[in-house]
Structure formats: structure tokens, C-alpha cells
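Remember, my numbering sits 497 above the position in the sequence shown when you count from 1. Don't be surprised by glycine CBs; every beta carbon is placed ideally from N, CA and C.
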Amino acid sequence: MSDQDTVIRDLGIWSGSLEIEPLSGGLSNANFKVTDGARRYMVRLGADVPAHHVSRAREQAVSRAAHAAGVSPRLVHAGDGISVFEFLDARTFEPNDMRKERHRVLALLRQCHNAIPKHLRGPAPFFWVFHAIRDYAATMLEDAGRYAGQIPRYLSVADRLERAQVPTATVFGHHDLLCGNIMDDGDRLWIIDWEYGGYGTPLFDLANLAGNNEYSFDEETALLSAYFGQEPDDDLTRAFAAMKAASQLREAMWSMVSEFHLNAPGIDYAAYADETLVLFEQALAEFEAVE
């Protein structure tokens with residue numbers, strides 16, 4: 498029996514003998530399907546990650562609000578570094594689903610943006626990608642990793658991208674819209690994994706959604722039009738392109754920092770950094786074409 502199995506079995510919330518099955522997909526945590534008699538749960542193990550601004554207590558508070566808002570499964574137990582959710586009998590989306598079902602995804606996202614603030618308790622979490630980039634830069638200099646020499650360029654680019662932003666309403670965003678965080682139970686969509694949930698601009702979620710899931714230019718334009726209720730003007734198009742580049746830069750720097758601060762089994766953070774840097778350079782070129 499593994500140490501993680503022991504932690505789960507010793508929770509004291511179960512009613513019978515357990516079946517514990519590891520789940521794939523966690524880049525910064527370990528997830529398990531736990532069957533307790535006729536009931537099934539998803540157990541998430543993960544400590545705070547200060548280098549990534551991840552607080553499990555804050556994540557649990559947001560998860561409760563997200564369930565109350567009707568977008569996420571119920572958190573049935575919260576402990577230090579452990580969260581137990583009702584298990585979703587649902588299919589995880591693929592990138593193609595995120596494009597084909599973009600109207601459903603957008604409706605779910607809008608519900609997150611507008612409904613979660615009505616239920617959130619405790620301190621208000623906040624996410625601003627340009628702060629994340631600057632803090633990652635400082636951490637990377639301390640770690641003296643292989644990309645430390647690129648920090649001046651990354652910071653200069655981030656300043657340009659930040660200057661391109663336009664005023665928007667403040668919403669409660671998810672900020673990690675990988676396809677694996679959207680699930681379809683056959684009747685409706687759910688969103689999971691609130692590590693980075695917080696108040697911010699809707700443009701980050703929209704750019705993150707499009708950039709992570711290979712939206713075409715026409716799909717991006719349709720996404721912006723549907724969200725804002727009108728065709729995007731030049732300023733909004735430029736701000737969106739800048740935010741897409743910032744999203745990819747932040748993801749690449751997340752990977753670079755993770756090389757020193759995370760050790761999830763089977764995850765090659767260095768390779769992930771190299772892959773996301775390619776996407777960043779592509780997104781930056783798209784921004785520069787409209788800058």
C-alpha cells in the first residue's frame with residue numbers, strides 16, 4: 498500500500514472497504530477515484546505551492562463557491578492538502594470538443610464569471626497574468642535555471658502585452674482552461690480544478706481558452722463577439738492577441754519554475770516548457786501583426 502493510499506484510507510469519512518484507483522492528468526497534484534460501497538469520489542492530494550501562488554485552502558473555498566454556483570462538483574471533505582469531491586461520471590473534453598462545443602463552453606464560462614462571486618466566502622483571490630510573469634521571472638533568477646538568460650526579454654515582452662490591454666469588467670475567472678478541466682456528463686458541462694481561480698479580466702479566460710485549444714481566427718472572433726455581444730474592434734482584437742501571448746508565456750514560465758518546484762510522477766516539465774515556448778512565439782508573432 499502506498500503512502501497516498503494510507504492517507505486516503507485514514508481520513509475517517511468512509512463507511513466501508515475502499516477501492517482506490519489513480520487518475521491521470523495532474524501536473525501539480527495526485528488524483529484518485531475512490532469507491533466506497535455504492536458511492537464514488539474523486540480525491541485530490543496536493544500541498545500548497547508558493548512558487549505558483551497555489552493555496553489549497555483558497556482552492557477549496559473557490560470549489561465550494563463553484564459548486565454553489567452550479568458549475569462544479571460538490572466538495573464533501575476538505576483537509577490540509579486533501580480534497581474529496583463527488584465523482585463526476587463524465588467524459589473529459591479534448592481540444593476538438595473545446596472548439597466544436599464552444600457555445601456550451603462559453604455559457605459555462607459566463608456562469609463562472611458572474612455567479613461564483615455571489616457564493617464565495619473569505620478573502621478574495623486575484624489573478625493578473627502579468628504579475629504572475631514578473632514573479633515567475635524573479636523565481637527563475639533565484640533558481641538559475643536554463644532559461645534565466647531569457648528573463649530580460651520575457652519581462653520586456655510582458656510590459657508590451659500589458660500596455661495593450663483595455664478596460665473590462667472584473668469577473669471571477671478560472672484561469673486554467675485546458676481541455677482536461679471541462680467535463681461532459683451527457684446532459685451538461687462541468688468545470689473542475691480551481692487552483693488559479695480568482696477575480697480578473699475576462700480576456701484572460703477567453704485568450705486561454707482559444708490559445709490552449711487551437712481556435713482559428715474566425716473561431717476567436719466568434720468567441721469575442723458572443724461574449725461581448727458585438728464584433729470586436731481593433732483595440733479589443735489587439736488586447737486579446739496580447740493576452741493570448743501572455744497566457745502562453747505564463748504557461749511556459751510555469752513549466753520552467755516547475756522544473757525546480759514540482760515533481761509529479763511522469764511529468765517532463767522541461768519538455769513541456771519547450772513545447773509551450775513554441776506556442777508563445779507563435780502567439781507573439783500574431784500579436785505583433787496587429788500591434
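Proximity below 8 angstroms, CB of residue i to CB of residue j
{"i": "leucine 720", "j": "alanine 707", "result": "yes"}
{"i": "threonine 698", "j": "threonine 665", "result": "yes"}
{"i": "histidine 549", "j": "serine 525", "result": "yes"}
{"i": "phenylalanine 627", "j": "glutamate 659", "result": "yes"}
{"i": "aspartate 682", "j": "aspartate 586", "result": "yes"}
{"i": "glycine 534", "j": "glycine 567", "result": "no"}
{"i": "tyrosine 471", "j": "phenylalanine 725", "result": "The requested residue 471 is not part of the displayed model; the chain covers only 498 to 788."}
{"i": "phenylalanine 590", "j": "methionine 680", "result": "yes"}
{"i": "proline 592", "j": "glutamate 783", "result": "no"}
DSSP-derived helix/strand/coil call for residue i
{"i": "isoleucine 679", "result": "strand"}
{"i": "tryptophan 686", "result": "Reading off the sequence, residue 686 comes out as leucine, not tryptophan. Correct three-state label for leucine 686: strand."}
{"i": "phenylalanine 701", "result": "helix"}
{"i": "glycine 695", "result": "strand"}
{"i": "glycine 670", "result": "strand"}
{"i": "aspartate 765", "result": "coil"}
{"i": "glutamate 652", "result": "A small fix is needed here, since residue 652 is leucine in this sequence, not glutamate. Leucine 652: helix per DSSP, three-state reduction."}
{"i": "serine 499", "result": "coil"}
{"i": "glycine 708", "result": "helix"}
{"i": "threonine 773", "result": "helix"}
{"i": "alanine 780", "result": "helix"}
{"i": "glycine 642", "result": "coil"}
{"i": "alanine 786", "result": "helix"}
Residue range of the unbroken alpha helix (DSSP H) whose run includes residue i
{"i": "phenylalanine 714", "result": "714-725"}
{"i": "valine 754", "result": "731-758"}
Cβ distance (whole Å) where residue i is taken to contact residue j below 8 angstroms
{"i": "leucine 746", "j": "isoleucine 630", "result": "6 angstroms"}
{"i": "threonine 773", "j": "glutamate 748", "result": "5 angstroms"}
{"i": "valine 540", "j": "isoleucine 505", "result": "6 angstroms"}
{"i": "tryptophan 691", "j": "serine 560", "result": "5 angstroms"}
{"i": "arginine 744", "j": "phenylalanine 701", "result": "The sequence given here places serine at residue 744; arginine does not occur at that position. Confirmed, Cβ separation roughly 7 angstroms."}
Inside the region 506-579 only - alpha helix (DSSP H) runs reaching at least 4 residues: You should have 553-565.
Uninterrupted alpha helix (DSSP H) stretches inside the region 582-639 (no shorter than 4 residues): The region 582-639 contains these whole alpha helix (DSSP H) runs: 592-597, 599-612.
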